[in-house]
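Asks: Here it is, the structure in full.
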Amino acid sequence: MVASVSLIEDDPRIRSALVRVLAARGHAVRAASTAMDGLRQVVEFPPDVVVLDLGLPDMDGSELLKMMRAVTAVPVIVATARDDETEIVRLLNLGADDYVVKPFSGEQLDARIGAVLRRAGASRDAANVVVGELRINLKSREATLGGRPLDLARKEFDLLSFLALNAGTVVTKPELLAEVWRQPLGGGDKTVDVHLSWLRRKLGETAAEPRYLQTVRGVGVKLVAPE
Ligand code: CA
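With our numbering applied, the sequence shown corresponds to residues 57 to 283, in that order.
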């Protein structure tokens, strides 16, 4: 798996050796030799993964890890000289995704990068719900239909996501009121009906000729992939 890597390491020999090995494996590597340069680089050129040496001249690497976690969820692999469990648990709790213990080989680091990226990719996929040509990203709150972005109001997005997460299952109006509007009682199904008809229009269909939104009379509604 080829990645853009931000390498923060102050030792010039280790740094150039790692840059060489990672580049030889097809990764695009940007290197920094201080914590502040590293942080700036990660913010300015967001990489797929950060490799962070803990012993840096201007700041302790674990402090930098904390600062990084405040601004980005990018996967971070820490390189530590200490192979003890307390230290490793502390780093993972600070938000490290994985670690390598010095001295380590470029091959081992490359394998760790691959593993971290696979995990990151898997969680990105979990944020995507796909029904037919409809694709919903629950994290970025964006939805597309056949690749075309849908311009949805907040509740329309919530409604669509809930139906998509339950695709193929009939959902009742009281359930929608409870789950989407957080109104278990009252509110009336008018709210649901109105939002369903807005959503339907945005999906380019009508109640008479439904495609994705199928009403089941007297029961509720279900989202399906059209045939
Ligand atoms: Ca160092």
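We put the beta carbon where it would ideally sit given N, CA and C, even for glycine. The structure presented is a predicted model; accordingly, all values stated were derived computationally and were not measured.
#1: Restricting to Cα atoms, I'd like to know which of E212, D249, R267, V77 is closest to G274.
#2: Is any beta-carbon of chain C found at less than 8 Å from that of L120?
#3: Taking a cut-off of 7 Å, which residues have a beta-carbon closer than that to any heavy atom of ligand 3, in chain order?
#4: Are the CB atoms of A135 and L315 within a distance shorter than 8 Å?
#5: Let's see if you can read the secondary structure: which residues bound the beta strand (DSSP E) around Q270?
#6: In angstroms, rounded to a whole number, what distance separates the CA positions of V132 and Y268?
#7: Can you tell me which of the three DSSP states A137 falls into?
#8: Check the DSSP bridge columns for I64 and list the partner residues they point to.
#9: What span of residues does the alpha helix (DSSP H) with E212 cover, start to end?
#10: With a threshold of 16 other CB atoms inside 10 Å of the CB of D154, please say whether the residue is buried or exposed.
#11: If we call anything under 8 Å between Cβ atoms a contact, is S62 one with Q97?
#12: Kindly identify the DSSP beta-bridge partner or partners of I192.
#13: If you follow the beta strand (DSSP E) that L279 is part of, which residue opens it and which one closes it?
#14: Rounded to the nearest angstrom, what separates S118 and L150 at their Cα positions?
Replies: Short version:
#1: Shortest Cα-Cα distance from G274 to any of E212, D249, R267, V77 involves D249.
#2: Of the protein chains in this structure there is only one, and it is not chain C.
#3: In the structure shown, ligand 3 is absent; the only ligands present are ligand 1.
#4: Because the chain is modelled from 57 through 283, residue 315 falls outside the range shown and cannot be assessed.
#5: 269-272 is the span of the beta strand (DSSP E), which, as asked, contains Q270.
#6: If you take the alpha carbons of V132 and Y268, they lie about 40 Å apart.
#7: Assignment of A137 by DSSP, reduced to helix, strand and coil, places it in the coil class.
#8: Its beta-bridge partners are A88, L108.
#9: Per DSSP, E212 belongs to the alpha helix (DSSP H) from 210-221.
#10: Under this definition D154 is a buried residue.
#11: Taking 8 Å as the Cβ cut-off, S62 and Q97 qualify as a contacting pair.
#12: Beta-bridge pairing links I192 to V185, A199.
#13: Start and end: 276-279.
#14: Distance from the CA atom of S118 to the CA atom of L150, rounded to whole angstroms, is 7 Å.
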